[in-house]
Amino acid sequence: MEVFLQQLINGITLGSIYGLIAIGYTMVFGIIGMVNFAHGDVFMVAAFLAMIFFLLLTTVFGLSSIILALIIVLVIAMVLTSLLSWTIERVAYRPLRGSFRLAPLISAIGMSIVLSNFIQVAQGPRNKPLPPMFPGTITLMERNGFAATISYKQILIWVVTAVLLAAFWYLVQKTSLGRAQRACEQDRKMAALLGINVDRTISLTFVMGAALAAVAGTLYLTYYGVVNFSDGFTPGVKAFTAAVLGGIGSLPGAVLGGLLIGLIETFWSGYFSIDYKDVAAFSILAIVLIFMPQGLLGRPEVEKV
Amino acid sequence: MAGATRKDTDGLNAAAAVKDAILAGVIALGIFGPLVGLKSEQNMRNELVLTTRWGLVAIIVGIVIVGRFLLTTVIWPTLRARKMRDKPAPTAAQIARRSAIAKWFPSTSLVFLFLYPAIVVSLVGFQGSLKWVDNFGIQILIYVMLGWGLNIVVGLAGLLDLGYVAFYAVGAYSYALLSIHFGLSFWLLLPLAGILAALWGIMLGFPVLRLRGDYLAIVTLAFGEIIRLVLINFRELTNGSAGISSIPKITLFGIPFDASPNGFAKMFGLPLSSAYYKIFLYYLILLLALLTAYVTIRLRRLPVGRAWEALREDEIACRSLGINTTNTKLTAFALGAMFGGFAGSFFAARQGFVSPESFVFMESAVIVAIVVLGGMGSMIGVALAAVAMIGGTEMLRELDFLKAVFGNNFDPDQFRMLFFGLAMVLVMIWKPRGFVGAREPTVFLAERKSISSSLVKEGHG
Numbered sequence: 001m002e003v004f005l006q007q008l009i010n011g012i013t014l015g016s017i018y019g020l021i022a023i024g025y026t027m028v029f030g031i032i033g034m035v036n037f038a039h040g041d042v043f044m045v046a047a048f049l050a051m052i053f054f055l056l057l058t059t060v061f062g063l064s065s066i067i068l069a070l071i072i073v074l075v076i077a078m079v080l081t082s083l084l085s086w087t088i089e090r091v092a093y094r095p096l097r098g099s100f101r102l103a104p105l106i107s108a109i110g111m112s113i114v115l116s117n118f119i120q121v122a123q124g125p126r127n128k129p130l131p132p133m134f135p136g137t138i139t140l141m142e143r144n145g146f147a148a149t150i151s152y153k154q155i156l157i158w159v160v161t162a163v164l165l166a167a168f169w170y171l172v173q174k175t176s177l178g179r180a181q182r183a184c185e186q187d188r189k190m191a192a193l194l195g196i197n198v199d200r201t202i203s204l205t206f207v208m209g210a211a212l213a214a215v216a217g218t219l220y221l222t223y224y225g226v227v228n229f230s231d232g233f234t235p236g237v238k239a240f241t242a243a244v245l246g247g248i249g250s251l252p253g254a255v256l257g258g259l260l261i262g263l264i265e266t267f268w269s270g271y272f273s274i275d276y277k278d279v280a281a282f283s284i285l286a287i288v289l290i291f292m293p294q295g296l297l298g299r300p301e302v303e304k305v
Numbered sequence: 001m002a003g004a005t006r007k008d009t010d011g012l013n014a015a016a017a018v019k020d021a022i023l024a025g026v027i028a029l030g031i032f033g034p035l036v037g038l039k040s041e042q043n044m045r046n047e048l049v050l051t052t053r054w055g056l057v058a059i060i061v062g063i064v065i066v067g068r069f070l071l072t073t074v075i076w077p078t079l080r081a082r083k084m085r086d087k088p089a090p091t092a093a094q095i096a097r098r099s100a101i102a103k104w105f106p107s108t109s110l111v112f113l114f115l116y117p118a119i120v121v122s123l124v125g126f127q128g129s130l131k132w133v134d135n136f137g138i139q140i141l142i143y144v145m146l147g148w149g150l151n152i153v154v155g156l157a158g159l160l161d162l163g164y165v166a167f168y169a170v171g172a173y174s175y176a177l178l179s180i181h182f183g184l185s186f187w188l189l190l191p192l193a194g195i196l197a198a199l200w201g202i203m204l205g206f207p208v209l210r211l212r213g214d215y216l217a218i219v220t221l222a223f224g225e226i227i228r229l230v231l232i233n234f235r236e237l238t239n240g241s242a243g244i245s246s247i248p249k250i251t252l253f254g255i256p257f258d259a260s261p262n263g264f265a266k267m268f269g270l271p272l273s274s275a276y277y278k279i280f281l282y283y284l285i286l287l288l289a290l291l292t293a294y295v296t297i298r299l300r301r302l303p304v305g306r307a308w309e310a311l312r313e314d315e316i317a318c319r320s321l322g323i324n325t326t327n328t329k330l331t332a333f334a335l336g337a338m339f340g341g342f343a344g345s346f347f348a349a350r351q352g353f354v355s356p357e358s359f360v361f362m363e364s365a366v367i368v369a370i371v372v373l374g375g376m377g378s379m380i381g382v383a384l385a386a387v388a389m390i391g392g393t394e395m396l397r398e399l400d401f402l403k404a405v406f407g408n409n410f411d412p413d414q415f416r417m418l419f420f421g422l423a424m425v426l427v428m429i430w431k432p433r434g435f436v437g438a439r440e441p442t443v444f445l446a447e448r449k450s451i452s453s454s455l456v457k458e459g460h461g
């Protein structure tokens, strides 16, 4: 029971990070039908930005309150990552809109290579460790010397994820920006005819996805305390997997898929073997897709002649 | 309409352009400022500290401002004006020249490829030829072969496979393990590796047949990752991340390339040199690549090849006409995988060492990029894209003279992949249909006409 509880806690923590990244994939796919392969690397750049500004605030400006520093870092990382993603969309994807389907995909793969190698060149190839933050834990259950604990960091990640997802949900469901976004997702041409600025809405989708990826990046940095230029790929692929698992194009599906992938990974490493945790996640993806090709919460694709 | 475009081209509003350029500069400052200007480094106590490089940021921002200004004031208006101008109809001489190039280019380049080692050896000698034959010749030809193999799946059948490197890995590990443990020769294992890879192709193909589009892409990607992770973790068999070393070399009909009395050099009374083996490998991969091309070209004329292209153009129409789409997809997967397996076993024999590091997702991405950049389905285009992308990045290794400009700390090698990625993005923006987008149909009425790239579909799967 303790092991189960512990894996559940760890899995939800990891899953919320995946879910935050997955939203970026799923929204972009929903609106322009493109797999934004560079999104994982945008997440990695966000973690680097968080690391740099955290250092700047604590070592150069001598800010002693870590909570305050993290809040400032989160806001700056969200703003700058959104700017980066907006620029990428403008430079590498917009000229290819309406072109054939694989062109933006290749451009995105190219952009992903550019981002990770740019960080390698600009910040160096070595791991960037930060001093541990919020070291304390709360013991929830203890038996036979094994204790199920939840750390302050995990609580922080849950709270931040929940609050931002709620804010994001409000933005998409209740504001005119979100309405425009959902309208473009359903029918871009019709939305344009009704006076929605489609280009702006698409840019906005990239910006929203990037802002959530920046949250994920900051939380990832707080949780693991280390970041490397190659850290974008694996979480990126897993988050994409999560988006597809939940049904690509569906926002609740992305969060659900993220949580599922996180849980599968931690439970597999807890009960079976840590080596094969990624194999388990990918195999379950393949199995789910074979039996439910539209994902868990996705709308089935209608074939038209 | 015409008035509006006129305004666009003629309105070189300097103030607006300056404003636009400054805005671009501000954005560049926001992005590059923290990431370039503040470099995190570990000090003696393993703590991260920041060092500043504002000079570099100023240079980058300056380049962005000037570049953006030139783009809006000079480059875009010129390009637009050129597009606006009516293209004169190509004269008869131009058409003749174009078709002559199209006709002679493949055969001349083939002759050049066969003479390439001889040319290199006569220019720089045996020892100097090593680099040119190995790093350029063999390396590029491996990717040409992989590109042609994947071209069957992506270019002809229109199924997006992002895990092609898995079959390359199956081929490489089949050769490595079977030659080490059973002492079998390359010539026996080459077809075997191809068959094993094809079997894996069918095994992957079966479950994913129902999937379309990006779902297929993600499952193939997942499959590629699973193979790599198994190679890393199944240590008893594969030796994990450490890889398998001292894989036997290829022999020429039983003649080994070594210093022994019955080795190649002694046998023909030649001075010892490692260049013979490299040249031999060059011809081997050239022949393997040409085999791939030959089989593909012949298959395109067979019913199965036509079914692939029909599948790419319209799957539903294809099914309505009674084509068995299951078998069609499976043959595409199996054949593509088989050529990947051939290339893999060649790769293992050439390197003498295999590790899971060689089969990461980036490799798959590079191969897909080569196929798409080449113009999906065009053999010549794929080969040109492989030469440009792989040869181009290999050339970047030769940029040591830049050290004289930027000082000794400057390492051009680490910029290699950065330029590779930038080139991918730029080529796509410049030519979204790839280098050679037009197609030569295999079936035609009365006369063979090339099909414009805008009429070719890219498939749904």
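Protein chains in written order, with my numbering: chain S, 1 to 305; chain Y, 1 to 461.
Even for Gly, the Cβ is constructed at its ideal location relative to N, Cα and C.
Buried versus exposed, by CB contacts within 10 Å (16 or more), residue i
| i | result |
| --- | --- |
| Y:Trp-187 | exposed |
| Y:Met-379 | buried |
| S:Asn-36 | buried |
| S:Thr-266 | buried |
| S:Asn-312 | Outside the displayed range of chain S (1 to 305) lies residue 312 of chain S, so it cannot be described from this structure. |
| S:Ile-138 | exposed |
| Y:Arg-433 | buried |
| Y:Pro-117 | buried |
| Y:Trp-308 | buried |
| Y:Ile-65 | buried |
| Y:Arg-300 | buried |
| S:Gly-11 | buried |
| S:Ser-16 | buried |
Residues sharing a beta bridge with residue i, DSSP
| i | result |
| --- | --- |
| Y:Glu-313 | Partner(s): none; Y:Glu-313 has no beta bridge. |
| Y:Gln-42 | Y:Leu-48 |
| S:Phe-146 | S:Arg-143 |
| Y:Ile-244 | Y:Val-354 |
| S:Val-227 | S:Lys-128 |
| S:Ser-82 | In the DSSP output, where bridge partners are listed per residue, S:Ser-82 has none listed. |
Nearest-angstrom Cα separation, counted from residue j out to residue i
| i | j | result |
| --- | --- | --- |
| Y:Lys-7 | Y:Asn-13 | Low confidence applies here, because Y:Lys-7 scores a pLDDT of 45, under 50, leaving its location unreliable and the question unanswered by this model. |
| Y:Arg-68 | S:Val-163 | 39 Å |
| Y:Met-44 | S:Arg-126 | 15 Å |
| Y:Asn-135 | Y:Ile-285 | 13 Å |
| Y:Gly-125 | Y:Ile-390 | 24 Å |
| Y:Glu-363 | S:Leu-74 | 34 Å |
| Y:Thr-9 | S:Thr-26 | Because the pLDDT at Y:Thr-9 is just 45, under 50, the model does not fix this residue reliably, and the point stays unresolved. |
| S:Gly-19 | S:Gly-295 | 15 Å |
| S:Val-207 | S:Trp-86 | 6 Å |
| S:Gly-110 | S:Gly-40 | 13 Å |
| S:Met-141 | S:Met-1 | 9 Å |
| Y:Arg-465 | Y:Pro-106 | An answer regarding residue 465 of chain Y cannot be provided, because it is not within the stretch 1 to 461 covered by chain Y. |
| Y:Gly-371 | Y:Ser-122 | Gly is not the amino acid found at residue 371 of chain Y; the sequence shown has Val there. Approximately 33 Å, taken between the alpha carbons. |
| Y:Asp-20 | Y:Ile-27 | 11 Å |
| S:Gln-6 | S:Phe-48 | 29 Å |
Three-state class that DSSP yields for residue i in the structure shown
| i | result |
| --- | --- |
| S:Met-141 | strand |
| S:Leu-130 | coil |
| Y:Phe-253 | coil |
| Y:Val-387 | helix |
| Y:Val-165 | helix |
| Y:Ser-478 | The structure shown does not extend to residue 478 of chain Y, since chain Y is modelled only from 1 to 461, so the question has no answer here. |
| S:Leu-14 | helix |
| S:Ser-269 | helix |
| S:Asp-275 | coil |
| Y:Arg-80 | helix |
| S:Ser-64 | coil |
Under 7 Å by beta carbon: chain B residues contacting residue i
| i | result |
| --- | --- |
| S:Arg-200 | No chain B appears in this structure, whose protein chains are S and Y. |
Rounded Cβ spacing between residue i and residue j (contact assumed at less than 8 Å)
| i | j | result |
| --- | --- | --- |
| Y:Phe-359 | Y:Val-165 | 5 Å |
| Y:Tyr-175 | Y:Ala-193 | 5 Å |
| S:Thr-306 | S:Ala-210 | Outside the shown range of chain S (1 to 305) lies residue 306 of chain S, about which nothing can therefore be said. |
| Y:Gly-147 | Y:Ala-332 | Actually they are not in contact, since the Cβ atoms of Y:Gly-147 and Y:Ala-332 sit about 15 Å apart, beyond 8 Å. |
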